[in-house]
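Peer 1: Just passing along the structure, written as structure tokens.
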Amino acid sequence: MTTVQPQEAEQARRLREAMVQTIIDEVDTPLPEKVLAALRQVPRHRFTPGVDLERAYGGEPIVTKVNERGVHISSVSAPRAVAVMLALLDVRPGHRVLEIGSGGYNAALLAHLVGPDGAVTSVDIDADVIERARACLDASGYDQVRTVCADGELGMVEDAPFDRIIVTVGAWDIPPAWRTQLAPDGRLVLPLRTRGMTYAWALEADGPRLVSRLRPRAMGFVPIQGAGEHRGTSLLLEEDVNLWLDEADLVGSDRLHGVLTTPAHEVWSGVAVAPGETFGSLELYLLARPGFARLVAQQSALERKAVRPSWRMGTPALVTDDSIAYRAELRPTADGGREFGAIGHGPCGAELTERLAEHFRTWDRTHRHGAGPQLSVHPAGDTIEPAPGSLILRKLHTTIVVSWADPVR
Numbered sequence: 002m003t004t005v006q007p008q009e010a011e012q013a014r015r016l017r018e019a020m021v022q023t024i025i026d027e028v029d030t031p032l033p034e035k036v037l038a039a040l041r042q043v044p045r046h047r048f049t050p051g052v053d054l055e056r057a058y059g060g061e062p063i064v065t066k067v068n069e070r071g072v073h074i075s076s077v078s079a080p081r082a083v084a085v086m087l088a089l090l091d092v093r094p095g096h097r098v099l100e101i102g103s104g105g106y107n108a109a110l111l112a113h114l115v116g117p118d119g120a121v122t123s124v125d126i127d128a129d130v131i132e133r134a135r136a137c138l139d140a141s142g143y144d145q146v147r148t149v150c151a152d153g154e155l156g157m158v159e160d161a162p163f164d165r166i167i168v169t170v171g172a173w174d175i176p177p178a179w180r181t182q183l184a185p186d187g188r189l190v191l192p193l194r195t196r197g198m199t200y201a202w203a204l205e206a207d208g209p210r211l212v213s214r215l216r217p218r219a220m221g222f223v224p225i226q227g228a229g230e231h232r233g234t235s236l237l238l239e240e241d242v243n244l245w246l247d248e249a250d251l252v253g254s255d256r257l258h259g260v261l262t263t264p265a266h267e268v269w270s271g272v273a274v275a276p277g278e279t280f281g282s283l284e285l286y287l288l289a290r291p292g293f294a295r296l297v298a299q300q301s302a303l304e305r306k307a308v309r310p311s312w313r314m315g316t317p318a319l320v321t322d323d324s325i326a327y328r329a330e331l332r333p334t335a336d337g338g339r340e341f342g343a344i345g346h347g348p349c350g351a352e353l354t355e356r357l358a359e360h361f362r363t364w365d366r367t368h369r370h371g372a373g374p375q376l377s378v379h380p381a382g383d384t385i386e387p388a389p390g391s392l393i394l395r396k397l398h399t400t401i402v403v404s405w406a407d408p409v410r
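Per the working numbering, numbering of the sequence shown is gapless, rising by one per residue and ending at 410.
In structure tokens form, the structure reads like this:
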């Protein structure tokens, strides 16, 4: 174990306490005391060598490896994301836990939570990442964590079954191994990408399927590598604006190129959010609507006013093969809130704009303060009868069903 100077140790302790307090202030639901205790105990800076203490205990993820194209492929996740994922996981003393995607820090937190009678196995496909995690764990006194260089798509059958499985990389699908290696009363927590949006779901077994038990949380993680890697489909609208389609399939979608140059239709919904209010459930509600996609714009597109999206890195949109409507930049209200609106282009732009605005109103009336949707994960070969208010997405290994209470329109 690495020795540290008392002054550095005390500074790290104070920064760790400040980090935990920031997490408490930022997360909109209470976090379990056991998770907060682990965050106060485990020295995050020991898993970010070469990074100063202030940054190590800041609120941002710390990238530890990029590929030849400059894409982030490994990082120490942001403390807030770590805390929320661990809260969803609900690790208990004596549990056997599999972590897919290694960095060392999260594995150390898991080791703290399972205690001396539990076991943690951390798997990563990248030998450099595993070597670094191993070195950091050993130097920090967490040599009981098992680290394995392997493709997480296959799980770790020799250590199964697991009471908990946590995936700390962005996944597009759920391979069979994660289901079969989960104990009958176990829980799987993962950031799952559906229609281009990533949310952390807590899933438990219900016969051959997995079902969500808790409200999902918006998350961003580096994408999974190996057999589970999946690149979504994008469609260029302008040189600096594109649509992220993922599972969507637009026949004749080449007609969308240049649609943003056609006259705009603008509608405001009358639905607003208060200052500081989050609206992640709206994003989930919209992704279950037919024709959902995400509009991604470069800064240059905003500067030349080609688009006015609510968020340039992935604002919700509705599309047909020749028209689009997207959520506009939220406009201020008299009481300091922000109102949702929609902007549309193309032959059906006005209709799509009205439809998107009505989706905002339906969410406001029906789901704004509700429990959110339920996610169920079925084996790919299962026959599933569509139900009102549900979205069915067919992936490689599974069929995903996102269910809401009201009919999808």
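Glycine included, every Cβ here is placed at the ideal spot set by N, Cα and C.
Predicted model, so just to flag it, every value in this text is computed and none were measured.
So, under 8 Å CB-CB, glycine 292 and proline 224 are touching, yes? Tell me the CB distance rounded to an integer number of Å.
Peer 2: Here residue 292 refers to the residue found at position 291 when the sequence shown is read from its first residue. Here residue 224 refers to the residue found at position 223 when the sequence shown is read from its first residue. With a Cβ gap of about 25 Å, glycine 292 and proline 224 do not count as contacting.
Peer 1: To the nearest whole angstrom, what separates the beta carbons of tryptophan 173 and arginine 196, a pair I think is in contact under 8 Å?
Peer 2: On the sequence shown, position 172 is the one that residue 173 refers to. On the sequence shown, position 195 is the one that residue 196 refers to. Rounded, the Cβ-Cβ distance is 11 Å, inconsistent with contact.
Peer 1: If you draw a straight line from the C-alpha of glycine 119 to the C-alpha of arginine 165, how long is it?
Peer 2: Numbered from its first residue, the sequence shown carries residue 119 at position 118. Numbered from its first residue, the sequence shown carries residue 165 at position 164. Each residue's Cα considered, the two are about 11 Å apart.
Peer 1: Rounded to a whole number of angstroms, what is the C-alpha to C-alpha distance between methionine 314 and serine 235?
Peer 2: Counted from its first residue, the sequence shown places residue 314 at position 313. Counted from its first residue, the sequence shown places residue 235 at position 234. Rounded to the nearest angstrom, the two C-alpha atoms are 13 Å apart.
Peer 1: List, from N- to C-terminal side, the beta strand (DSSP E) runs of 3 residues or more that fit wholly inside the region 305–334.
Peer 2: 316–320, 325–328, all fully within the region 305–334.
Peer 1: Starting from arginine 339 and walking both ways along the beta strand (DSSP E), at which residues does that stretch end?
Peer 2: As a first step, residue 339 must be located in the sequence shown, where it is residue number 338. Element bounds for arginine 339: 339–346.
Peer 1: Could you tell me whether the region 372–389 touches the region 294–307, using the rule of 3 or more Cβ pairs below 8 Å?
Peer 2: They do not touch, by the three-pair rule.
Peer 1: Just checking: is the beta-carbon of alanine 335 within a distance shorter than 8 Å of some beta-carbon in chain D?
Peer 2: The structure shown contains no chain D; it is built from a single protein chain.
Peer 1: Pull up the distance between the alpha-carbon of proline 333 and that of leucine 138, whole angstroms please.
Peer 2: Looking up residue 333 in the sequence shown gives position 332. Looking up residue 138 in the sequence shown gives position 137. Whole-angstrom Cα-Cα distance: 48 Å.
Peer 1: Taking 6 Å as the limit between beta carbons, can you name the residues of its chain near glutamate 304, skipping five residues before and five after?
Peer 2: As a working mapping, residue 304 is identified with position 303 in the sequence shown. Nothing meets the Cβ criterion.
Peer 1: If you draw a straight line from the C-alpha of serine 270 to the C-alpha of alanine 358, how long is it?
Peer 2: Counted from its first residue, the sequence shown places residue 270 at position 269. Counted from its first residue, the sequence shown places residue 358 at position 357. Approximately 5 Å, taken between the alpha carbons.
Peer 1: Please work out which residues of its chain come closer than 6 Å, Cβ to Cβ, to alanine 151, disregarding the five sequence neighbours upstream and downstream, and give them in chain order.
Peer 2: Here residue 151 refers to the residue found at position 150 when the sequence shown is read from its first residue. Around alanine 151: Val124.
Peer 1: How about glutamate 386 and alanine 329: are their beta carbons less than 8 Å apart?
Peer 2: As a position in the sequence shown, residue 386 is number 385, starting the count at 1. As a position in the sequence shown, residue 329 is number 328, starting the count at 1. In this structure, alanine 329 does not lie closer than 8 Å to glutamate 386 by Cβ.
Peer 1: How big is the Cα-Cα spacing for alanine 1 and glutamate 352?
Peer 2: Residue 1 cannot be examined here, being either before or after the span of the chain that is shown, 2 to 410.
Peer 1: Tell whether a beta-carbon distance below 8 Å holds between proline 176 and tyrosine 200.
Peer 2: The residue you call residue 176 lines up with position 175 of the sequence shown. The residue you call residue 200 lines up with position 199 of the sequence shown. Against a cut-off of 8 Å, the Cβ pair of tyrosine 200 and proline 176 comes out as no contact.
Peer 1: The beta strand (DSSP E) spanning serine 404 covers which residue range?
Peer 2: Against the sequence shown, residue 404 aligns to sequence position 403. From DSSP, the beta strand (DSSP E) with serine 404 extends over 399–404.
Peer 1: I'd like to check one pair, valine 121 with leucine 87: are the Cβ atoms closer than 8 Å?
Peer 2: On the sequence shown, residue 87 is found 86 positions in, with the first residue counted as 1. On the sequence shown, residue 121 is found 120 positions in, with the first residue counted as 1. Contact flag unset, no.
Peer 1: Is it true that the CB of alanine 109 sits closer than 8 Å to the CB of serine 141?
Peer 2: Here residue 141 is taken as the residue at index 140 of the sequence shown, counted from 1. Here residue 109 is taken as the residue at index 108 of the sequence shown, counted from 1. Contact flag set, yes.
Peer 1: What are the boundary residues of the alpha helix (DSSP H) that cysteine 349 is part of?
Peer 2: Here the question's residue 349 lines up with position 348 in the sequence shown. Segment: none, cysteine 349 is in no alpha helix (DSSP H) and carries neither H nor E.
Peer 1: Methionine 198 bridges to which residues according to DSSP?
Peer 2: The residue labelled residue 198 in the question sits at position 197 within the sequence shown. Note: methionine 198 sits in a beta bridge opposite Thr195.
Peer 1: Tell me the rounded alpha-carbon separation between glycine 347 and glycine 187.
Peer 2: Translated into the one-based positions of the sequence shown, residue 347 becomes position 346. Translated into the one-based positions of the sequence shown, residue 187 becomes position 186. Cα to Cα, glycine 347 sits roughly 49 Å from glycine 187.
Peer 1: If the criterion is Cβ atoms closer than 8 Å, does the pair valine 146 and alanine 112 meet it?
Peer 2: For the purposes of this step, residue 146 is taken as the residue at position 145 of the sequence shown. For the purposes of this step, residue 112 is taken as the residue at position 111 of the sequence shown. Yes, Cβ-Cβ distance for valine 146 and alanine 112 is below 8 Å.
Peer 1: Which residue marks the beginning of the alpha helix (DSSP H) containing asparagine 107, and which one marks its end?
Peer 2: Locating residue 107 in the sequence shown gives position 106, counting from the first residue. Taken as a continuous stretch (DSSP letters only), the alpha helix (DSSP H) holding asparagine 107 covers 106–115.
Peer 1: Alpha carbon to alpha carbon, how far is proline 209 from valine 252? Give it in angstroms, no decimals.
Peer 2: Position 251 of the sequence shown, counted from the start, is the residue given in the question as residue 252. Position 208 of the sequence shown, counted from the start, is the residue given in the question as residue 209. Its pLDDT being 49, under 50, valine 252 is placed unreliably in this model, and the value from its coordinates should be taken loosely. Computed Cα separation, rounded: 34 Å.
Peer 1: Any chance you could list the beta strand (DSSP E) runs of at least 3 consecutive residues sitting entirely within the region 229–308, in chain order?
Peer 2: If we require 3 residues or more, the beta strand (DSSP E) runs fully inside the region 229–308 come out as 235–239, 242–245, 266–274, 293–298.
Peer 1: What is the DSSP secondary structure of arginine 214, reduced to helix, strand or coil?
Peer 2: Mapped onto the sequence shown, residue 214 falls at position 213. Note: arginine 214 maps to coil in three-state DSSP.
Peer 1: In whole angstroms, what is the alpha-carbon distance linking asparagine 243 and leucine 211?
Peer 2: Indexing the sequence shown from 1 puts residue 243 at position 242. Indexing the sequence shown from 1 puts residue 211 at position 210. Distance between the alpha carbons of asparagine 243 and leucine 211: 33 Å.
Peer 1: Could you check how far apart the C-beta atoms of alanine 82 and glycine 104 are, in whole angstroms? I think they sit under 8 Å.
Peer 2: As a first step, residue 82 must be located in the sequence shown, where it is residue number 81. As a first step, residue 104 must be located in the sequence shown, where it is residue number 103. No, alanine 82 and glycine 104 are not in contact; Cβ-Cβ is about 12 Å, not under 8 Å.
Peer 1: So what does DSSP say about alanine 84, is it helix, strand or coil?
Peer 2: Within the sequence shown, residue 84 is the residue found at index 83, counting from 1. Helix.
Peer 1: Output needed for aspartate 323: all residues of its chain with C-beta closer than 8 Å, excluding positions within five of it in sequence on either side, in chain order.
Peer 2: Counting from one through the sequence shown, the residue named residue 323 turns up at place 322. Within the same chain, aspartate 323 has close Cβ partners Gly253, Arg256, Leu257, Val260, Gly347, Pro348, Cys349.
Peer 1: Looking only at its own chain, which residues have a Cβ that is under 6 Å from the Cβ of alanine 57, when we skip the five neighbours before and after it?
Peer 2: Looking up residue 57 in the sequence shown gives position 56. Within the same chain, alanine 57 has close Cβ partners Arg45, His46, Thr49.
Peer 1: Look up arginine 97 in the DSSP assignment and say whether it is helix, strand or coil.
Peer 2: In the sequence shown, the residue the question calls residue 97 occupies position 96. Looking at arginine 97 - three-state DSSP - the assignment turns out to be strand.
Peer 1: Work out the CA separation of arginine 295 and lysine 306 for me, nearest whole Å.
Peer 2: As a first step, residue 306 must be located in the sequence shown, where it is residue number 305. As a first step, residue 295 must be located in the sequence shown, where it is residue number 294. Approximately 18 Å, taken between the alpha carbons.
Peer 1: Within the same chain, show all residues whose beta-carbon is closer than 8 Å to that of threonine 400, passing over the 5 residues directly before and after it, in chain order.
Peer 2: The count along the sequence shown starts at 1 and reaches residue 400 at position 399. So the qualifying residues of the chain are Val378, His379, Pro380, Ala381, Asp383, Ile385, Ile393, Leu394.
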